[in-house]
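Quick notes on the structure that follows.
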Amino acid sequence: MPQGDYIDEHRKKYGRRFDYEEKERKKEARSVRVVASKAHSLTGIKAKLYNKQRFKEKAIMKKKINMHQQRNKKNKDADASADKDVKKGAVPGYLLDREEVTRSKVLSNTVKQKRKEKAGKWDVPLPKVRAVAEDEMFKVMKSGKRKNKEWKRVVTKATFVGDNFTRKPPKYERFIRPMGLRVKKANVTHPELQTTFCLDILGVKKNPQGQTYTQLGVITKGTVIEVNVSDLGLVTNSGKVVWSKYAQVMNNVENDGCVNARLLV
Amino acid sequence: MVVYNFKKIQTVPTSTEFVDVVLSRTQRKTPTVVHKGYAITRIRAFYMRKVKYTQSTFHEKLTQILDDFPRLEELHPFYADLINVLYDRDHYKLALGQLAKARSLVDGIAKDYLKLLKYGDSLYRCKQLKRAALGRMCTLMKRHTSSLQYLEQVRQHMGRLPSIDPATRTLLVAGFPNVGKSSFMNKVTRADVDVQPYAFTTKSLFVGHMDYKYLRWQVIDTPGILDHSLEERNTIEMQSITALAHLRAAVLFFIDPSEQCGYALHQQIELLRGMAPLFQNKPLIVVLNKTDLQWEEELSDEHRQALAALGPSVDQAVSSGNVESIDVDALLEMSQSKPDDQPAHVVMKMSSLSEQGIAQVRSVACDLLLRQRVDAKLRGKRMSGALNRLHVAQPAARDARRRPPVIPSSVQRKLDDLDKAAMATAAGTSDDEQENGDPDVTMDEDTPIRGEAKNPSLGRKLERDRMWELGGPGVFASDWRREYRDLQRAEWAYDIIPEIVDGHNIADFVDPDIEQKLLDLEREEEARVAAEEEVMEEEDEDGPVLTAEQLERVRAIREKRAVLRQESWMEKTKNRPSVPASRLGKRTRVEEHLEAHLNEMGMHEEDAQDVAEGIADKMPLRKAAKRRRLVEVEETETQMIERKEALDAAARKAGFANANQKAFAKKVAARKQAKIHARTRQHGDGDRHIPNLRPRHLFSGKRGMGKTQRR
């Protein structure tokens, strides 16, 4: 007990006050009321947060109670539980010499495999996307001395612009990709490894909204991008190092401020 | 005096608390209402403000934590090492470093999202970006849960560290476990350290304070140290080592030759040798403790030799009890003349149980340390710089003649007398008093505060002198009887005054003409009473005089009132359950009474009944009579038609087709009005009553939600 622990020291010397246990018990017993009154009297965001937390606690409690009840039930009727313990795939004696099941499984697997290969090329995690109208994608920029020309467009979505991109003379530049909305990195999830890496974007392979957007390098939800996976050390079947892979963007980049993509393997 | 105040560190919240605090603060301190229709710049500004505010709150809170916790580089090495021992310096630095990194990351996130928000083109997009920004900041903080937890624990522990001043005069008590370190500490200070008969009772550093030579000394009790290498030492022992290594203190190394502590003597001496590097440049006193166990007689030869090798004990030199006469130089010389394998030290014997030698050990340690500190100070540059600038100027002697001060012979005589008187009184008082006399008193000898027979300067005794004679302020009570000067004989002043003599309280007879005064008072009272009566009589004559008839009426009223009171009392006091009159179908008491009363007054019997019922039903009197009339008087057919036509005509005038329509309209209006009244809780159209002009819920408390008008 260090010197500064005067509370402990006092307790050691003189003990607790005589009604300490009783007080604690009462406090404990009263706590539900306190909680209830708090839940009742809170308003606004505080009430929202508090009720959410209470809801969680209650759900956990209910789960626990259910688990206990189930356990008790099991103990009661052990015979019933014995039925459930039957192993998966167990067959009665008169069916034992049939190999149908395994064969059918193999068959169905091969069919599935074939189907997969057939579909393989375009089987992406996000097959459908919402169509984005042009006026949502572009903002009209007025130009000219009197600001009366309206042929320039500003991209309102995130874009990828390669390192070696040079602007055209501003006078002739039709599409403007703002610096603030340019992205260079993507958080790419490997679906099998279930890990996420922050990888460099190499290019935009395909924007589902159209060819124009692909050329402009616009990244929206569902866009397939090419990412640099050389750091991951992936190897092809023939033993070559994989430099880049495709990944599909899974989020609305312009709303989240980051690119979350899933690797296509 | 607190040098390092670790108590000031503010609480470190857990990560969830941290996030809650920051987010709810953003919610409270930034505007909360925004609409789609607002100008986009306004919407952007609204959300940018939220992001920026959250970031600055995070930044502020993290900076607070980082500033509060001390940097090990800036601390005294003693504290830096102690923190290393107790909390692991790497862990400590890592936790703080992580928070610093988190702070800069939060700043970065905010910067990125503010940039993105500038391109936000709709409320939805701005809101999503804000949400993402805040979410990322919070996730970041969640990752530092363990760091925050660790820092909170460190804070709690640091707040309770003893406040040791590493620069002040310090005695450091060290030695094996259970050799009596804490007992010594308890004897010399008021620290109240726990003393138990088992090893490692003291698990951390304890600090106490004492006074010696009018100076404040700090005594530090350390946990016991075992004799093994530095790597094997545990946290408890390392605290002692830290204190020994970094504090410039006098070290009292305790040895228990009786071996009752459970460790052999040679082990203890070995430890003393092993720790020699830590004792360098520090006064070291080896204390042979527990002399009350008589180990001196029972020592084996081997042990005797081992102790002799340490050097002779200096107890004899200072055992005379005169603390002032310790010869520090001799002690220093003694401590230096040790063999090379031993650190310079002084050996002393002591027993904390029988309190033998405690004072000597303490004073020797303090003197040695003080000498060392003074020497170090004198050697230092700062002191020599100051001394160089000091110069005491004295006038050069003109010639060889002596020029003593000239004192007139009369004054000299008086001074001599005074001296003699002082000598006489001093001889009277005991020697103890003279020694322990208050230094303040002895300093100003020529002031008349001392207890002499007479004040020499004034030639008479003052009340103040008496006070000093009779126990000083607080004890002395002034003698008032000496001031009784009006007595015929002076010696009566000190006579005993009884309270009761011959059954009479003498206080009653203090006033000689009390009889006369009493008589005067009575006479005055009589005169006043007479005057008052005269006034009353006059008023009576002027007041109204009642006739016999009036008096009779007054009497009747009073009688009636008494009867009523009696009746109501009877009614009230019946102590049994009763069925209410309405249930019984009986007429109420009010009705009965009223009817009887109206009959008595000469009203027609039926009329009286109606009135009584009307009042009982809370119906206006007129209406009741009208009802009766309607029932009684049968209208003829023509009369009815006439009446209807008249009513229709009145309705037409008001813009209705007929009376029925008017009645219907009235009904509809009333129904509508009733609805409004029900909603506004009015009794009717004319009800403009506001029940509470300042309703509490609108005028009290903080205005969290809503506004003054409605909440």
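Chains as they are written, first to last, in UniProt numbering: chain A, 1 to 265; chain B, 1 to 711.
The C-beta atom is built at its ideal place from N, Cα and C for all residues, glycine as well.
First through last residue of the alpha helix (DSSP H) which encompasses residue i
| i | result |
| --- | --- |
| residue 181/B | 181 to 188 |
| residue 387/B | 381 to 389 |
| residue 557/B | 548 to 573 |
Cβ neighbours of residue i in the same chain (closer than 7 Å, five flanking residues each side left out)
| i | result |
| --- | --- |
| residue 141/A | 152, 153, 154 and 176 |
| residue 147/B | 95, 98 and 99 |
| residue 12/B | 65, 148, 151, 152 and 155 |
| residue 345/B | 284, 285, 286, 335 and 338 |
| residue 259/B | 265 |
| residue 77/B | 246 |
| residue 48/A | none |
| residue 52/B | 110 and 114 |
Counted within 10 angstroms of its Cβ, other Cβ atoms place residue i as buried (16 or more) or exposed
| i | result |
| --- | --- |
| residue 494/B | exposed |
| residue 423/B | exposed |
| residue 362/B | buried |
| residue 180/B | buried |
| residue 443/B | Confidence at residue 443/B is low in this model, with a pLDDT of 39, below 50, so its placement is unreliable and the value that follows should be read with caution. Classification for residue 443/B: exposed. |
| residue 141/B | buried |
| residue 145/B | exposed |
| residue 67/B | exposed |
| residue 247/A | buried |
| residue 265/A | exposed |
| residue 170/B | buried |
| residue 218/A | buried |
| residue 570/B | exposed |
| residue 221/B | buried |
Limits of the beta strand (DSSP E) - the one that residue i falls within
| i | result |
| --- | --- |
| residue 225/A | 224 to 228 |
| residue 170/B | 170 to 175 |
| residue 190/A | 185 to 190 |
| residue 195/A | 195 to 206 |
| residue 294/B | No beta strand (DSSP E) contains residue 294/B, which DSSP labels as neither H nor E. |
| residue 40/B | No beta strand (DSSP E) holds residue 40/B; the alpha helix (DSSP H) holding it covers 40 to 68. |
| residue 103/B | Note, residue 103/B: premise wrong, no beta strand (DSSP E); alpha helix (DSSP H) at 89 to 117. |
| residue 249/A | 244 to 249 |
| residue 349/B | 346 to 349 |
| residue 676/B | Segment 659 to 680 is the alpha helix (DSSP H) holding residue 676/B; no beta strand (DSSP E) there. |
Chain-ordered neighbours of residue i on chain E, where CB pairs are closer than 7 Å
| i | result |
| --- | --- |
| residue 300/B | Considering every chain present, this structure includes no chain E. Its protein chains are A and B. |
Same chain, Cβ closer than 6 Å to residue i, neighbours up to 5 away in sequence not counted
| i | result |
| --- | --- |
| residue 212/B | 366 |
| residue 256/B | 179, 289 and 290 |
| residue 36/B | 123 |
| residue 667/B | none |
| residue 196/A | 187 and 189 |
| residue 253/A | 158, 219 and 259 |
| residue 9/B | 68 and 155 |
Option nearest residue i by Cα separation, candidates the options
| i | options | result |
| --- | --- | --- |
| residue 43/B | 235/B, 126/B and 21/B | 126/B |
| residue 267/A | 241/A, 237/A, 224/A and 225/A | This structure cannot settle anything about residue 267/A, because the visible part of chain A is limited to 1 through 265. |
| residue 89/B | 104/B, 73/B and 101/B | 73/B |
| residue 54/B | 233/B, 18/B and 700/B | 18/B |
| residue 350/B | 254/B, 696/B, 602/B and 425/B | 254/B |
| residue 484/B | 478/B, 492/B and 477/B | 492/B |
| residue 251/A | 179/A, 209/A and 222/A | 222/A |
| residue 294/B | 370/B, 644/B, 354/B and 690/B | 354/B |
| residue 257/A | 131/B, 520/B, 567/B and 300/B | 131/B |
| residue 162/B | 22/B, 358/B, 82/B and 176/B | 82/B |
| residue 268/B | 462/B, 177/B and 70/B | 177/B |
Same chain only: Cβ atoms within 8 Å of residue i, ignoring 5 sequence neighbours per side
| i | result |
| --- | --- |
| residue 120/B | 40, 43, 44, 47, 126 and 129 |
| residue 14/B | 145, 148, 149 and 152 |
| residue 659/B | 644, 647, 648, 650 and 651 |
| residue 49/B | 30 and 31 |
| residue 243/A | 228, 229 and 230 |
- Segments of 4+ residues assigned as alpha helix (DSSP H) that fall wholly inside the segment 2 to 67 of chain A: Given a length threshold of 4 residues, each whole run of the alpha helix (DSSP H) inside the segment 2 to 67 of chain A is given here in chain order: 6 to 14 and 20 to 41.
- What are the complete alpha helix (DSSP H) segments, minimum 4 residues, inside the segment 205 to 256 of chain B? 235 to 246
- Task: Identify every run of the beta strand (DSSP E) within the segment 139 to 192 of chain A, keeping only runs that are complete inside it and at least 3 residues long; order them along the chain.
- Result: If we require 3 residues or more, the beta strand (DSSP E) runs fully inside the segment 139 to 192 of chain A come out as 149 to 155 and 185 to 190.
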